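Engineer: Attaching a single structure in structure tokens format; questions to follow.
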Amino acid sequence: DTGVSQDPRHKITKRGQNVTFRCDPISEHNRLYWYRQTLGQGPEFLTYFQNEAQLEKSRLLSDRFSAERPKGSFSTLEIQRTEQGDSAMYLCASSINRGAAAFFGQGTRLTVV
Amino acid sequence: GQQVMQIPQYQHVQEGEDFTTYCNSSTTLSNIQWYKQRPGGHPVFLIQLVKSGEVKKQKRLTFQFGEAKKNSSLHITATQTTDVGTYFCAGLRTGGGADGLTFGKGTHLIIQP
Chain R
638 DTGVSQDPRH KITKRGQNVT FRCDPISEHN RLYWYRQTLG QGPEFLTYFQ
688 NEAQLEKSRL LSDRFSAERP KGSFSTLEIQ RTEQGDSAMY LCASSINRGA
738 AAFFGQGTRL TVV
Chain V
10 GQQVMQIPQY QHVQEGEDFT TYCNSSTTLS NIQWYKQRPG GHPVFLIQLV
60 KSGEVKKQKR LTFQFGEAKK NSSLHITATQ TTDVGTYFCA GLRTGGGADG
110 LTFGKGTHLI IQP
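Written as structure tokens, this is what we have:
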């Protein structure tokens with residue numbers, strides 16, 4: 638499978654716990670994006686990487702959120718001290734260059750209880 | 010910040026009827042992309058429009074980009090049950106360094122057989 642893969646698909650956590658999600662982009666894509674989607678809304682941009690460099694962060698990305706892409710391949714998104722408002726689908730996407738089609742993974746659905 | 014608005018939010022049609030969704034940006038866009046998300050699925054890229062006034066067709070789907078590069082539309086002729094889903098437009102801001110797409114809230118297409 639050469640698409641974007643995300644792990645885990647579902648995560649239930651207690652409020653205050655830390656969670657980490659992983660994204661493996663399409664191998665030849667150097668741009669990797671994280672989005673968040675809540676029910677009935679469109680995806681909201683969180684951050685993006687070009688290779689290993691994190692080049693843009695949304696105001697939605699509070700200091701409890703951190704993302705890395707250490708070797709320019711897979712990426713991780715960590716949320717510390719989760720809150721109920723963090724419950725959402727976290728989508729990862731990759732593209733070959735700026736403005737090109739974004740290929741999305743199936744997402745990680747986070748539920749904070 | 011940039012806003013992308015889509016109307017209508019929901020559209021109920023009888024199978025065989027046409028469907029149109031409209032997208033408006035608060036700022037001029039570098040390009041606009043359209044995505045389809047099936048219930049329970051992830052956004053899937055449909056098309057990208059780059060030029061002012063551009064029109065592109067994919068079988069029964071017609072996409073337009075406005076002359077001012079601030080609005081766009083998607084028209085589906087003779088809808089089929091396979092067209093069910095949410096259609097999102099997503100705009101890319103002009104200027105370098107702004108790579109994240111701004112999505113509209115989507116139009117949910119519901120088809121009654």
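As you go down the protein sequences, you meet chains R and V in turn.
Be aware that the first sequence starts at 638, since it is given in this note's numbering, and climbs by one per residue.
Be aware that the second sequence starts at 10, since it is given in this note's numbering, and climbs by one per residue.
Backbone N, C-alpha and C fix where the C-beta goes; we use that ideal spot for every residue, glycine too.
All figures in this text were calculated on a predicted structure; none of them were measured in a lab.
(1) What are the partner residues of Leu-692 of chain R, as DSSP defines its beta bridges?
(2) Can you check which of these residues, V:Val-13, V:Lys-66, V:His-21, is closest to Thr-90 of chain V by C-alpha distance?
(3) To the nearest angstrom, how far is it from the Cα of Val-750 of chain R to the Cα of Thr-116 of chain V?
(4) Please list the terminal residues of the continuous beta strand (DSSP E) segment that includes Asn-667 of chain R.
(5) Nearest by alpha-carbon distance to Gly-677 of chain R: which of V:Gly-109, V:Asp-27, V:Gly-94, V:Ala-77 is it?
(6) Which residues does DSSP list as the beta-bridge partners of Lys-648 of chain R?
(7) Looking only at C-alpha atoms, which of R:Lys-694, R:Leu-728, R:Glu-715 sits nearest to Arg-701 of chain R?
(8) Let me see if you follow: with CB-CB separation under 9 Å, is Asn-40 of chain V close to chain R or not?
(9) Suppose you measure from the CA of Ala-737 of chain R to the CA of Tyr-670 of chain R; what does that come to, to the nearest Å?
(10) How would you list, in chain order, the residues of chain R whose beta-carbon sits under 8 Å from the beta-carbon of Thr-111 of chain V?
(11) Taking C-beta to C-beta, are Gln-46 of chain V and Ile-120 of chain V nearer than 9 Å?
(12) Would you list the residues sitting across from His-51 of chain V in a DSSP beta bridge?
(13) Starting from Ile-733 of chain R, follow the beta strand (DSSP E) in both directions and report where the run begins and ends.
Structural biologist: So, from the data block:
(1) In the DSSP output, where bridge partners are listed per residue, Leu-692 of chain R has none listed.
(2) It is V:His-21 whose Cα lies nearest to the Cα of Thr-90 of chain V.
(3) Distance between Val-750 of chain R and Thr-116 of chain V, taken at the CA atoms: about 30 Å.
(4) Per DSSP, Asn-667 of chain R lies in no beta strand (DSSP E) and is assigned neither H nor E.
(5) When each option's Cα is compared against that of Gly-677 of chain R, the closest is V:Gly-94.
(6) DSSP lists R:Leu-747 as partners of Lys-648 of chain R.
(7) For the residues R:Lys-694, R:Leu-728, R:Glu-715, the minimum Cα distance to Arg-701 of chain R belongs to R:Glu-715.
(8) Interface residue, yes.
(9) For Ala-737 of chain R and Tyr-670 of chain R, the gap between their C-alpha atoms comes out near 12 Å.
(10) What Thr-111 of chain V touches in chain R: Phe-682.
(11) For the 9 Å CB-CB criterion, Gln-46 of chain V and Ile-120 of chain V do not form a contact.
(12) When DSSP reads this structure, His-51 of chain V sits in no beta bridge, so it has no partner.
(13) It is not in any beta strand (DSSP E) - Ile-733 of chain R carries neither H nor E in the DSSP assignment.
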